[in-house]
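Below is one structure, written out as structure tokens, with a few remarks after it.
Protein chains: 2
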Amino acid sequence: MISKKFKDMCNTPSVIRALAGYANERGKEIGYGNVFDYTLGNPSVPVPEEFNKAIRDLTTELSSSALHGYSPNPGNPEARSIIADSLKRRFGIPYEQKHIFMTSAAASAIAHAVRCVTEPGDEVITFAPYFPEYNPYINQSGAVLKVVPANTEDFQINFDAFEQMMNKKVQAVLINTPNNPSGIAYSSATLKKLADFLYAKQEEYGHEIFLISDEPYREIVFKGADAPYVSCFYDNTLSCYSYSKSLSIPGERIGYVAVNPKAKDADMIVPMCVQISRGIGHNCPSSIIQMAAARCVDLTSDLSVYETNMNILYDEFVKLGFTVVKPGGTFYIFPKALEDDAVAFCEKAKKYDLIFVPSDSFGVPGYFRAAYCIDTEKVQRSLPVLEKFVKEEYGK
Amino acid sequence: MISKKFKDMCNTPSVIRALAGYANERGKEIGYGNVFDYTLGNPSVPVPEEFNKAIRDLTTELSSSALHGYSPNPGNPEARSIIADSLKRRFGIPYEQKHIFMTSAAASAIAHAVRCVTEPGDEVITFAPYFPEYNPYINQSGAVLKVVPANTEDFQINFDAFEQMMNKKVQAVLINTPNNPSGIAYSSATLKKLADFLYAKQEEYGHEIFLISDEPYREIVFKGADAPYVSCFYDNTLSCYSYSKSLSIPGERIGYVAVNPKAKDADMIVPMCVQISRGIGHNCPSSIIQMAAARCVDLTSDLSVYETNMNILYDEFVKLGFTVVKPGGTFYIFPKALEDDAVAFCEKAKKYDLIFVPSDSFGVPGYFRAAYCIDTEKVQRSLPVLEKFVKEEYGK
Chain A
1 MISKKFKDMC NTPSVIRALA GYANERGKEI GYGNVFDYTL GNPSVPVPEE FNKAIRDLTT
61 ELSSSALHGY SPNPGNPEAR SIIADSLKRR FGIPYEQKHI FMTSAAASAI AHAVRCVTEP
121 GDEVITFAPY FPEYNPYINQ SGAVLKVVPA NTEDFQINFD AFEQMMNKKV QAVLINTPNN
181 PSGIAYSSAT LKKLADFLYA KQEEYGHEIF LISDEPYREI VFKGADAPYV SCFYDNTLSC
241 YSYSKSLSIP GERIGYVAVN PKAKDADMIV PMCVQISRGI GHNCPSSIIQ MAAARCVDLT
301 SDLSVYETNM NILYDEFVKL GFTVVKPGGT FYIFPKALED DAVAFCEKAK KYDLIFVPSD
361 SFGVPGYFRA AYCIDTEKVQ RSLPVLEKFV KEEYGK
Chain B
1001 MISKKFKDMC NTPSVIRALA GYANERGKEI GYGNVFDYTL GNPSVPVPEE FNKAIRDLTT
1061 ELSSSALHGY SPNPGNPEAR SIIADSLKRR FGIPYEQKHI FMTSAAASAI AHAVRCVTEP
1121 GDEVITFAPY FPEYNPYINQ SGAVLKVVPA NTEDFQINFD AFEQMMNKKV QAVLINTPNN
1181 PSGIAYSSAT LKKLADFLYA KQEEYGHEIF LISDEPYREI VFKGADAPYV SCFYDNTLSC
1241 YSYSKSLSIP GERIGYVAVN PKAKDADMIV PMCVQISRGI GHNCPSSIIQ MAAARCVDLT
1301 SDLSVYETNM NILYDEFVKL GFTVVKPGGT FYIFPKALED DAVAFCEKAK KYDLIFVPSD
1361 SFGVPGYFRA AYCIDTEKVQ RSLPVLEKFV KEEYGK
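The listed protein sequences correspond, in order, to chains A and B. Numbering-wise, the working numbering puts 190 at position 190 of the first sequence, and it's gapless, one number per residue. Numbering-wise, the working numbering puts 1048 at position 48 of the second sequence, and it's gapless, one number per residue.
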């Protein structure tokens, strides 16, 4: 019999996807170059040529079975070792191969991590603004996602609200830094305070509380930003990484879970991920993609365009009188809308072919997200349009 | 807090993996060429060169974003169309793009299919002998796997036992033909009888019963075997395919769900799979692998070695007095052990460096599986060892 739950879910399409669809349709009418589509977080810079070369080389260097045969369940051993070594070298945490579980990017990493450290009915806390896909990611595991209201001052953590929501049923805290949609990185002070708070609560409750750190934007950090590596602050951390944004390969679905070696049962987490894989149909990312990513472990695409675009947009938003916190990374900016109703604001912007995403689905009313992973030339061309929109609609 | 369920699962390793590990260790001692390792279903023939060429070509033909960007949620549209067209041409069922959902091979296809057509607590019936991974595949979805005892006469379906176990809670029936581990393909007569039975039960219970057809061995069919396409017999069929065995690319994790266009809510199943993906962290197979598989849609590796090996082994088992049903496909054969306790039989065989998998974990006592996806030369060399084993241990 057809599952009612999943059938019903089909009727609530993603706001972001709907707006992207609109932008696409509008582009067909007036030319895509004339639509200022700030909806999707799709990398706009090319993959490093080394990645494509690695793929080509692998098809000639390795035998068919070595290249295309089953990976061991936790992933390609060499890739896992290379990643562990890279993280150890860069962040000073003594990861070994056994702490790395290869995944189909961050979505899959979170799917495994949450199942490792929760039982059905347990609570997982995250902080607004947050990526709306966390709802299906967490709730379909059987755990329950709870969202702490935003600290709109600077989009660091709202600790007062967090303390009020904290309770014994919380088994995991899910953070995303640098953050989609705010663009803000959690500072060393924030992470230290978070760690101290969680250590105290572990003591008080008598059980571990795991920190699941969603880090697809880890390599996209701007000048002057304080964006430290989360796992350095708290032992019970599962770092969920994706190469989607750093190597511009979101379609290849490659990432990993890195288990802090000091975490509770650290040596068991990867074997547990293997068991979880069996039930959710994961069973490893593509073997050639694992190997190619390992060959590019310390590379990134040329990510500089994102900072260029951010600075242009940030200055423009400030000039136009928007309340906006300067992003420390990612390719998102998250200004306050010029009226309380962000949906109405974004609807008005659409009349000018400026396509922004209202903040409501990110768990904060009254803001909007602009994804500036587009050509700088287009960002520049959008500025007079933005000025016109603000002047005509809001008299500024 | 660490999940007790998944931690406990780590303590029950797979029998097959354990034996494969033993074979590997033994190979280090006496030389791998001297171990007759019949444990793993790992393709032994190389990928078609066209697949590697497709991968290389794609890295130069397409732009970075066209190649490595996000696939739409149900998978690459062109790949889906190519697969639909191929199935339509080959099997006469009018599949369209909208009926194909790209998956990370059959494990992922089954993970999606079972969630589409069951609610937690529903029953899914399968038939012994069966692939033991069906237990985590089904049970972790929230449904409950029930196993119909084998028809050891010919390893077609045991309809008497099936009828007794059938009840209103059964929402799906999961079959695997050609079958791992028996090597048997369900005949037209079997599938017709199964379809008639399910149609009658749908009527009687007043709800659909879906047939989930696991088909990784669909292209490995031997001369004279009656191995028809399952979906031709029953409308409510979800075909779960994998390229792992037909293209010898199990590490690349690529396959699909094909929804029979006459199935209940046929146009909704793929959108439902998209929703399911969000919760289990699937979010598409690798984009380059989807495209490369589509370019090889009607190709296979040179699969002839499997039939050669099967004939050699079958004749030998018959000669030595084993009870054995001749396989119609796959790269498995499933003879009756020479004593009631298949585990004891396989332990004795190990003394001769013949590594077989006892049948107990496949849901049938007293048999063993030999996976003959190995070099024919090695199969030949194993024959005198097999004769010696049988003579010395069983006086035959």
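The beta-carbon is built from N, C-alpha and C at its ideal position, and this holds for glycine as well.
- Here B:Ser1231 is buried. Its C-beta has 16 or more other C-beta atoms within 10 Å.
- Membership of B:Ser1382 in any beta strand (DSSP E) is not indicated; the residue belongs instead to the alpha helix (DSSP H) covering Thr1376 to Tyr1394.
- Within the region 1095-1149 of chain B, the runs of alpha helix (DSSP H) at least 4 residues long that lie entirely inside it are, in chain order, 1105-1117 and 1134-1139.
- DSSP, read as helix, strand or coil, puts A:Ala370 in strand.
- The C-beta of B:Pro1077 comes no closer than 9 Å to any C-beta of chain A.
- Going by DSSP, B:Val1270 is part of the alpha helix (DSSP H) stretching over Ala1266 to Ile1280.
- C-alpha of A:Ala294 to C-alpha of A:Glu78: approximately 8 Å in a straight line.
- Of A:Pro271, A:Thr376 and A:Ala84, the smallest CA-CA separation from A:Glu96 is found for A:Ala84.
- Judged by their CB atoms, B:Pro1327 and B:Pro1228 are not nearer to each other than the 9 Å cut-off.
- Annotation for A:Val173: no alpha helix (DSSP H) segment contains it, though the beta strand (DSSP E) segment containing it runs Val170 to Asn176.
- Here B:Asp1037 is bridged, per DSSP, to B:Ile1355.
- Taking a contact as a CB-CB distance under 8 Å, the pair B:Gly1363 and B:Ala1128 counts as one, their CB atoms being some 3 Å apart.
- Residues Tyr1038, Thr1039, Leu1040, Gly1041, Phe1331 and Tyr1332 of the same chain have their beta carbon placed closer than 7 Å to that of B:Ala1371, with the five preceding and five following residues left out of the count.
- With respect to chain B, the C-beta atom of A:Phe210 has a partner C-beta closer than 9 Å.
- DSSP, reduced to helix, strand and coil, places B:Thr1237 within a strand of the structure shown.
- For the pair A:Ile138 and B:Glu1252, the CB atoms are not nearer than the 9 Å cut-off.
- In the DSSP assignment, A:Ile83 falls within the unbroken alpha helix (DSSP H) covering Pro77 to Phe91.
- Scanning A:Gly366, A:Asp375 and A:Pro285 for the CA closest to the CA of A:Ser304 turns up A:Asp375.
- In the DSSP assignment, the residues bridged to A:Asp214 are A:Asn176 and A:Cys240.
- Taking 9 Å as the threshold, the shortest C-beta distance from B:Thr1190 to chain A does not fall below it.
- In the DSSP annotation of this structure, the continuous segment of the beta strand (DSSP E) that includes A:Ala258 starts and ends at Gly255 to Val259.
- Nearest to A:Val173 by alpha-carbon distance, out of A:Ile125, A:Asp214, A:Ile157 and A:Val147, is A:Ile125.
- Closer than 8 Å at the C-beta level to chain B, one finds these residues of the region 60-74 of chain A: Thr60, Ser63, Ser64, Ser65, Leu67, His68, Gly69, Tyr70 and Ser71.
- Just measuring C-alpha positions, the residue of B:Gly1255, B:Asn1076, B:Tyr1367 and B:Phe1317 sitting nearest B:Glu1215 is B:Gly1255.
- Rounded to the nearest whole angstrom, the C-alpha separation of B:Gly1366 and B:Gln1156 is 17 Å.
- Around the beta carbon of A:Ser301, 16 or more other beta carbons sit within 10 angstroms, so the residue counts as buried.
- Listed in chain order, the beta strand (DSSP E) elements of length 3 or more contained wholly in the region 2-73 of chain A amount to none.
- Using a Cβ distance threshold of 9 Å, A:Ile209 and A:Leu191 do not count as a contacting pair.
- Interface with chain B (9 Å Cβ-Cβ cutoff): A:Phe6 is included.
- Counting every other CB atom within 10 Å of its CB across the protein chains shown gives B:Asn1034 a total below 16, marking it as exposed.
- A contact between stretches requires three or more CB pairs, one per stretch, nearer than 8 Å, and the region 1256-1274 of chain B meets this requirement with the region 1094-1114 of chain B.
- DSSP links B:Ile1333 through a beta bridge to B:Ala1370.
- Listed in chain order, the non-local C-beta contacts of B:Val1385 below 8 Å within the same chain comprise Phe1036, Tyr1352, Asp1353 and Leu1354, local neighbours out to five positions each way being set aside.
- A:Val230 sits in a helix when the DSSP states are folded into three classes.
- If you check the CB distance, A:Cys10 and B:Met1268 come in under 9 Å.
- Nearest CB-CB separation between B:Lys1201 and chain A: not below the 9 Å threshold.
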